[in-house]
Amino acid sequence: MVYYQRYQQRKKGEVGTEEDEECQALITECANSGYYKRTRPKLLSFLLLSLLSCSFILAPHLFYSDTTFSLYSPEVENEGLAAHMVANAPLGSSISNGTISCDRSSFRSDFCIMKGDVRTQSPSSSIFVYRSRDKSSFTNYLSGLVEEHEKREELQQEKIKPYTRKWETSTMDTVTELDLIAKKESPGMKHQCDVQHDVPAVFFSTGGYTGNVYHEFNDGILPLYITSQHLSKKVVFVILDFHKWWLMKYGDIISHLSDYPVIDFSADKRTHCFPEAIVGMRIHNELTVDSSLMDGNKSILDFRNLLDRAYRPRVRSLIREQEAKQKLSVSVSPTSKSSSRIKRKVHERSLKRPKLVIISRNGSRAITNENLLAKMAEKIGFRVQVLRPESSTELAKIYWALNSSDVMIGVHGAAMSHFLFMRPGSVFIQVIPLGTAWAAEAYYGEPARKLGLEYIGYKILTTESSLYGKYGKDDPVVTNPRSVTKKGWEYTKKIYLEDQTVRLLLRRFRKQLVGAYNYTIERI
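Residue numbers (the UniProt record's numbering): 1 to 524.
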């Protein structure tokens, strides 16, 4: 593990050696003097003054050290800081007032905590934390005597881009960088504070790959849950690279993570003051939550429950709207009462059939015989819904469709992130085109199993891919996709993600559907 430590801790005993020897010499000399008994009162006063002088000289070294500890170093771990940094201890429980502690050990993201008098300065993309002095304490009284020494001390400063794809330089170039600065408050110093908050803040960016639903959940929403859930909604979210549409899209989830309005860091020029700040977010793995690193052993199932609470009110509203439309259509229908009753019974019976949702794609990686797939599924016994999510589709509607489903089918791609909306125990069938096997398993297969879904990865045959007809059966693009993907992301993207469609061999795929149907019937 890489440990981050900005300043080296001063070694014990290397400061003040000459002063200690000088004091000891004075004591020894006086003790050996022949005038010791006759001048005792004056001698005691002299010794006391000498000791106080040594204390004044040593005070800044003993009580002020600008060390920034590694968040997982042995010294700090013994005090419980490592546990805190993985959200297993109260926020800021082991971080000194007026300091910045950063963990840069993860290859995915950097993570810093500031505790004390935290203040934003949006125009300079800076966050300051001031170490206040309590003049009633003896140590701070001594520090006032060495003000000139402190003015010469270097200020602690960190730089961080609060986004969870740290290893991708080109992506991180689109993310705003923050300066984190720790200062020592001078006597009489006054700071303007336009908005005073009494709860911590979490600073993060919605830049990077925001706009892609997989990245919005994996790089943003899930890390935000991991980072802030232990605060029980008593937290303010401060967003860099802010998008209004993002807040509209995910507002239902955000409102279940925080009781406070979000702050657009760049647009809001006021000075916001916080008792503590978390800058950056934790991320565990692809679309999941590692319960061993969470306060209260929270898991991906707890995140799934949060989604349910977030979308339940809107889903109920959508159901009422649908029922109202159905009643209206019946009331204006010229059919007889007997035929209406028959239709109602047919509808009720269909609701008892297992529900299958097909996530439909247009263009690349589309299932070109999707209509035949839907008909086959209906013959097997499913109630089929074809869902075509767009970037503007209300998430509550997608949640409603998948939360009420028993089986979901879709071709590998960002929309498969919606498996998070399925109930544990449901069936997720991912159609895996050529050249996407590794990503399909890592990004969706393994996370789906962690959520408790019955996952089926359907790897297509070469003859089910449009690349078979385009390149021929003997081309490495078809026969050895790994040799092509090794050339780099651009090859993978251009050939296998953007230039491939799927035509399922229905007789072969039918086995998967029958198995899913039988499993669902037994489960029901």
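Idealized CB from N, CA, C, for every residue including glycine.
Open item on the list: Between C273 and chain D, is any beta-carbon pair separated by less than 8 Å?
Closed with: Checking the listed chains, one finds no chain D in this structure; it contains a single protein chain.
Open item on the list: Here's the rule I'm using: 16 or more other beta-carbon atoms within 10 Å means buried, otherwise exposed. How should E522 be labelled?
Closed with: Sequence index remark: in the sequence shown, residue 522 carries index 522 (1-based). Label assigned to E522: exposed.
Task: Anticipated Cβ contact below 8 Å, I367 with V502, distance rounded - done: Counted from its first residue, the sequence shown places residue 367 at position 367. Counted from its first residue, the sequence shown places residue 502 at position 502. With a Cβ gap of about 5 Å, I367 and V502 count as contacting.
Task: G452 beta carbon less than 8 Å from that of G425 - done: Numbered from 1 along the sequence shown, position 425 holds the residue referred to as residue 425. Numbered from 1 along the sequence shown, position 452 holds the residue referred to as residue 452. A contact, by the Cβ cut-off of 8 Å.
Task: Extent of the continuous beta strand (DSSP E) to which A415 belongs - done: By 1-based counting over the sequence shown, the position of residue 415 is 415. No beta strand (DSSP E) contains A415, which DSSP labels as neither H nor E.
Task: Environment of R365 [buried if 16+ CB atoms lie within 10 Å] - done: Against the sequence shown, residue 365 aligns to sequence position 365. The residue is buried, with at least 16 neighbouring Cβ atoms inside 10 Å.
- [ ] Please classify G488: is it buried, with 16 or more other beta-carbons within 10 angstroms of its beta-carbon, or exposed?
- [x] The sequence position of residue 488 within the sequence shown is 488, counting from 1. With fewer than 16 other Cβ atoms within 10 Å, it is exposed.
Open item on the list: Quick check: F242 and S258, are their CB atoms within less than 8 Å of each other?
Closed with: For this step, residue 242 is matched to residue 242 along the sequence shown. For this step, residue 258 is matched to residue 258 along the sequence shown. Cβ distance not < 8 Å, so F242 and S258 don't count as in contact.
Task: For E216 and T169, the rounded distance between their alpha carbons - done: Position 169 of the sequence shown, counting from 1, holds the residue named residue 169. Position 216 of the sequence shown, counting from 1, holds the residue named residue 216. Looking at the two C-alpha atoms, the distance is approximately 18 Å.
Open item on the list: Taking only three categories from DSSP, how would you classify E323?
Closed with: Along the sequence shown, one-based indexing puts residue 323 at 323. Three-state result, E323: helix.
- [ ] Answer yes or no: do H412 and I432 have a C-beta to C-beta separation smaller than 8 Å?
- [x] Translated into the one-based positions of the sequence shown, residue 412 becomes position 412. Translated into the one-based positions of the sequence shown, residue 432 becomes position 432. For H412 and I432, yes; Cβs fall inside 8 Å.
- [ ] Determine the closest residue to G469 out of E490, N480, Q500 and P481, with distance taken between C-alpha atoms.
- [x] Sequence index remark: in the sequence shown, residue 469 carries index 469 (1-based). When each option's Cα is compared against that of G469, the closest is Q500.
TODO: Could you spell out where the beta strand (DSSP E) holding F509 opens and where it closes?
DONE: In the sequence shown, the residue the question calls residue 509 occupies position 509. From DSSP, F509 is part of no beta strand (DSSP E) but of the alpha helix (DSSP H) over L506 to R523.
TODO: Quick one: give me the first and last residue of the alpha helix (DSSP H) that P481 is part of.
DONE: If you number the sequence shown from 1, residue 481 lands on position 481. Here the alpha helix (DSSP H) through P481 covers P481 to T485.
Task: A182: first and last residue of the uninterrupted beta strand (DSSP E) it sits in - done: Along the sequence shown, read from residue 1 onward, the residue named residue 182 stands at position 182. Counting along the chain, the beta strand (DSSP E) containing A182 begins and ends at L178 to K184.
Task: Span separating the alpha-carbon of T164 from that of S329 - done: Here residue 164 is taken as the residue at index 164 of the sequence shown, counted from 1. Here residue 329 is taken as the residue at index 329 of the sequence shown, counted from 1. Rounded to the nearest angstrom, the two C-alpha atoms are 49 Å apart.
Open item on the list: Using 8 Å as the threshold, is the C-beta distance between I181 and D110 below it?
Closed with: Mapped onto the sequence shown, residue 181 falls at position 181. Mapped onto the sequence shown, residue 110 falls at position 110. Not in contact: I181 and D110 (Cβ atoms no closer than 8 Å).
Task: Residues near F303 by beta carbon distance below 7 Å, same chain, minus five either side - done: For the purposes of this step, residue 303 is identified with residue 303 of the sequence shown, where counting begins at 1. L222, Y225 and V289, listed in sequence order.
Task: Contact check, L240 vs P162, beta carbons under 8 Å - done: Walking along the sequence shown from the start, residue 240 turns up at place 240. Walking along the sequence shown from the start, residue 162 turns up at place 162. Their beta carbons are under 8 Å apart, which means L240 touches P162 by this criterion.
Task: Identity of the residues DSSP links to residue 531 by a beta bridge - done: Lying outside 1 to 524, the shown extent of the chain, residue 531 is not represented and no answer is given.
TODO: Tell me whether the beta-carbon of L420 lies closer than 8 Å to the beta-carbon of L306.
DONE: As a first step, residue 420 must be located in the sequence shown, where it is residue number 420. As a first step, residue 306 must be located in the sequence shown, where it is residue number 306. No, they are not a contact pair.
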